[in-house]
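Trainee: Pasting a structure here, questions to come.
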Amino acid sequence: MLTLLLLFITSLAVGFVSSIVGIGGGSILAPLLTLVFGYD
């Protein structure tokens, strides 16, 4: 159940990121990932 939930969240995140890349290009992706994953 937990694995399924994690997979669902991951797929949502991938869809969100791909939509951002489609709209704003790849230039916004690196700072956004740094902000999300590098921010404790």
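Quick note, this note's numbering runs 192 ahead of the 1-based positions in the sequence shown.
Ideal Cβ positions, reconstructed from N, Cα and C, are used throughout, including at glycine.
Within its chain, find whatever has a CB closer than 8 Å to the CB of residue 205; leave out the 5 residues flanking it on each side and keep chain order.
Mentor: Cβ neighbours of residue 205 beyond the five flanking positions: none.
Trainee: Would you check whether the ligand ATP has a heavy atom nearer than 7 Å to the C-beta of residue 201?
Mentor: With respect to the ligand ATP, the structure shown offers nothing to examine, as it has no ligands at all.
Trainee: Identify which residue in 197, 198, 224 has its Cα closest to the Cα of residue 210.
Mentor: 224
Trainee: Please report how far the alpha carbon of residue 195 lies from the alpha carbon of residue 208, in whole angstroms.
Mentor: 20 Å
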